[in-house]
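Q: Okay, here's the structure, questions in a sec.
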Amino acid sequence: MNDVSPHVHDGHDHHHGHPVGDKPFTDPVCGMKVGSDPAKEIQYEGHAYQFCSTKCMDKFRLAPQQYVGHGEQAATTPAAAAPEGTIYTCPMHPEVRQPQPGNCPICGMTLEPMLPSLEEEDNPELVDFKRRFWWTLPLTVVVTVLAMAGHRIVKAGLPGQSWIELALSTPVVLWAGWPFFVRGVQSIRNRKPNMWTLIGLGVAAAYGDSVVATVAPGIFPQTFVMHGRIGVYFEAAAVIISLTLLGQILELRARSQTSAAIKSLLGLAPKTARRINVDGTEEDIPLTHVHVGDALRVRPGEKVPVDGTVLEGESAVDESMLTGEPVPVTKRPGDKVIGATINASGSLVVNSEKVGAQTMLAQIVQMVAQAQRSRAPMQRLADVVAAYFVTIVVAIALLTLVGWGVFGPQPSWVYGFVNAVSVLIIACPCALGLATPMSIMAATGRGATQGILFRDAAAIEGMRMVDTLIVDKTGTLTEGKPAFHAAVAARGGSDEEVLRVAASIDQGSEHPLARAIVAEARRLGLALSKPETFESASGIGVRGVVEGRKIVLGNTALMDVERVDWRPLAGQAETWRLEGASVMYLAADGRLQGLVAVSDPVKETTAEALATLKEAGITVVMATGDGVTTAKSVAAKLGIPEFHGEVKPQDKLALVEQKQAEGRIVAMAGDGINDSPALAKANVGIAMGTGTDVAINSAHVTLVKGDLRGIARARMLSLETVRNMRQNLGFAFVYNALGIPLAAGLLYPFTGRLLSPMIAALAMSLSSVSVISNALRLRGSRN
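In this text, residue positions in the sequence shown follow UniProt numbering: the first is 1, and each later residue adds one.
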């Protein structure tokens, strides 16, 4: 047997597990940083190890070989070090995965961590691109003004203008544009031509030819002399870089929202837990140091740290952020609790059963991450088209160079080089790159004024194709909070008096159902009496003395305990339950007085919204965490033929996958954390702006006002935007289709004229202006 024995540390650093000086020790079992405590130290094979608790000590005694070396490694690892094992992936090509950051070998985009952390700072690439853009934008503006208006300022041209433009454009091209050249070289090295290939070649050709024209103008024919100098197009190279940087900044800002949902989920968990030690003392510890079997105290208003079972106490726990149930659930000893839910009233002692990755919250985080990465990237087809487009353009440029060099007039190779540069410049995909982003920018701006927030281009493009809408009930179809439903008196009584007495006794309760009853009584101006005594009856109701009478308010179980005959009103109670209400019986001095019901009311706009969606040919399916009876009641009231009750987060996700497997284009509308995996997996996820941050960040579309009528408006905006995008792409391709042959010099035999690279740059700019102008029309159109 191994020699494992307690040992009092003598203050010397004579073992691997202890850091030097006054730095904290590392528990070899859980990795927790701990101080020196003689009662929690064990000697093993000549080395001393410190532990955070007796539980870790016991685990170490049973299998010390399993933990030896753990403390050494942990002690030498900085606490703030980046997490090991992080996998980076491309947001457009999820099949690309690698253990270190970098660029996607397919499209050149910067890889992102698959699971972000709360400690993550601003995207360093976004910060870098912003710096490059704003520092060089003034240079681009000055170069462009000089190129377009320099000869007007001085008729003979500014002395040394080409050298001035060279000096101004060099920082833009070589410093601001350096990342694009790197991506372009990478695309060639990986044999995956993309837009970066063409941008790199176009800018390099424009800048390189201009440098040659500035340094050695004598090698160019006199026909290329314009305004007293050989034509240069530094401004074309600079403008391409600045426009590309701007586009990347906008894209990176949008992509940063992808990880917002997961960060919101991670932020739900409390940072600490209050552990009850064996000796009865209590201490606050980091959540990461909670072990299975720990006894944890959860005080009123605190979050439940981990999944577990109630050992002591009774309280109403708000689980709406995870289950979607609007009414807090009373928890008593033996009941299960879920981590990150909120303890509303009493104090609880919870036995920890699931920690870390095993908790429901952690599983939802994983489901959201997987669902987000499993969506088919919208850019896949664009990448294929770009690859062919780039290959064809480069081939045409090479043919132009060789054709003019072999068959053209002298100096033939100069003509060939200049014309090849013109081809690359006019084919540079600025307009092609702006076609979609400009439409998206205009559409998102217009949508925002109508209370519709789109997360990305895929959401706008996909919204028009939706044929099936899965909706959550709580907070989506309904208001999402308890409200007074009705009150009825037993024979010979007054409905108003039943409400007044029920509200009087409920003044002593913190339960949301009680608050709804009290709020309604006060709204009606009823005179409430202060309870002389008040007692909560173990989750089945309340007891007390009001105006000298013993009042009991609760369910049938409480009535049976108090020997109150509740059967005369059982029929009415069942009717209200079928309508989705929670029903409570009221008794005074052992006699039934009446019923009070609280429900989650349907939003006023829901019926109109569902009718509009039906007219648009969209099938609506309801899925809720509420009971089947409540789900059936709401579905019948709203005319929804298919409904599902008592569904868990994974069930909603499975329902989305089932509909997609049937060939449906699915939209999911919800407002709770429990909806977030399904929102992420759906073709289009739609969150209510009145819901949780996690649902909003998981969704592709957010309706700010929580009004389902916004779905119909979003669909119409989607149709208009896609039509606008196609028009923009048409403009871009028309310019290329007409401009490339001109730039290659195909009309030279008929006209005797060539397309100067300056004109090519102007044509490229005009194509961009056409795209931008057309996209801006979206801002003024109306549904």
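Every residue gets a Cβ at the ideal spot worked out from N, C-alpha and C, and that includes glycine.
Here the structure is a predicted model, which is why all the values come from computation and not from measurement.
If we require 4 or more residues per run, which alpha helix (DSSP H) segments fall completely within the region 527-590?
A: The qualifying runs are 556-561 and 570-578.
Q: Assign Ser770 to buried or exposed, taking buried as 16 or more other Cβ atoms, counted over all protein chains shown, within 10 Å of its Cβ.
A: Buried, since its Cβ has 16 or more Cβ neighbours within 10 Å.
Q: Can you tell me where the alpha helix (DSSP H) holding Met716 begins and where it ends?
A: Arg709 to Ala744
Q: So, is Leu524 buried or exposed, given that buried needs 16 or more other C-beta atoms within 10 angstroms?
A: exposed
Q: Could you check which residue in Lys550, Asp707 and Pro113 has the C-alpha nearest to that of Val501?
A: Lys550
Q: Out of curiosity, what's the CA-to-CA distance linking Ile42 and Thr629?
A: 58 Å
Q: Which whole-angstrom value is the C-beta distance of Leu592 and Trp576, which I expect to be below 8 Å?
A: The distance from the Cβ of Leu592 to that of Trp576 is about 16 Å, inconsistent with a contact at the 8 Å cut-off.
Q: Pick helix, strand or coil for Glu112, following the three-state DSSP scheme.
A: strand
Q: Among the candidates Ile426, Val143 and Arg299, whose CA atom is the shortest distance from the CA of Thr341?
A: Of the listed residues, the one whose Cα sits closest to Thr341 is Arg299.
Q: Alpha carbon to alpha carbon, what distance is there between Gly462 and Ala616?
A: 15 Å
Q: Taking only three categories from DSSP, how would you classify Pro649?
A: helix
Q: If Met622 sits next to Ala631, beta carbons under 8 Å apart, how far is it from one beta carbon to the other, in whole angstroms?
A: 7 Å
Q: Rounded to the nearest angstrom, what separates Ala521 and Glu662 at their Cα positions?
A: Roughly 50 Å between the two C-alpha positions.
Q: Just the C-alpha distance for Arg726 and Asp209, rounded to the nearest angstrom, thanks.
A: 34 Å
Q: Between Asp284, Ala687 and Val185, which lies nearest to Leu469 when the distance is taken from Cα to Cα?
A: Ala687
Q: So Asp495 is in the alpha helix (DSSP H); what residue range does that whole segment cover?
A: In this chain, the alpha helix (DSSP H) harbouring Asp495 covers Asp495 to Asp506.
Q: For Leu586, I'd like the list of residues in its chain whose CB is within less than 8 Å of its CB, leaving aside the five on either flank, ordered along the chain.
A: Val498, Val501, Ala502, Ile551, Val552, Leu553, Leu592, Gln593, Gly594, Leu595 and Val596
Q: Exposed or buried, which one is Gly640 when buried takes at least 16 other CB atoms within 10 Å?
A: First, the residue type needs correcting, since residue 640 is Ile and not Gly in the sequence shown. Classification for Ile640: buried.
Q: One question on the structure: do Ala459 and Val278 come within less than 8 Å of each other, judged by their Cβ atoms?
A: no
Q: Considering Ser187, what are the terminal residues of the alpha helix (DSSP H) in which it resides?
A: Segment Trp178 to Arg189, the alpha helix (DSSP H) holding Ser187.
Q: So what's Gly405 in DSSP terms, helix, strand or just coil?
A: helix
Q: Any idea what DSSP makes of Leu166, helix, strand or coil?
A: helix
Q: Excluding sequence positions up to five away, which residues of its chain have a Cβ less than 6 Å from the Cβ of Gly102?
A: Leu111
Q: So, helix, strand or coil for Leu246, using DSSP?
A: helix
Q: Within its chain, find whatever has a CB closer than 6 Å to the CB of Glu496; leave out the 5 residues flanking it on each side and keep chain order.
A: none
Q: Helix, strand or coil: how does DSSP classify His644 here?
A: strand
Q: Return yes when the Cβ of Leu245 is within less than 8 Å of the Cβ of Ala176, no when it is not.
A: yes
Q: According to DSSP, Leu595 sits in a beta bridge with which residue or residues?
A: Partner(s): Val488 and Tyr585.
Q: With a threshold of 16 other CB atoms inside 10 Å of the CB of Glu642, please say whether the residue is buried or exposed.
A: exposed
Q: Where in the region 258-302 do unbroken runs of the alpha helix (DSSP H), each at least 4 residues long, occur, reported from the N-terminal end onward?
A: 260-268
Q: Grab me the residues of Phe731's own chain with a C-beta within less than 7 Å of its C-beta, minus the 5 sequence neighbours each way, in chain order.
A: Ala431, Ser767, Ser770, Val771 and Asn774
Q: Alpha carbons only, please: which of Leu569, Ser504, Ala519 and Gly541 is nearest the one belonging to Pro531?
A: Ser504
Q: Which word fits Trp134, buried or exposed, when buried means at least 16 other C-beta atoms lie within 10 angstroms of its C-beta?
A: So Trp134 counts as exposed.
Q: Can you give the Cα-Cα distance for Leu399 and Thr444, rounded to whole angstroms?
A: 42 Å
Q: Taking the alpha carbon of Pro286 as the reference point, which residue from Leu569, Ala737, Pro512 and Gly356 has its own alpha carbon closest?
A: Gly356
Q: Determine the contact status of Met465 and Ile665, defining contact as a CB-CB distance below 8 Å.
A: yes
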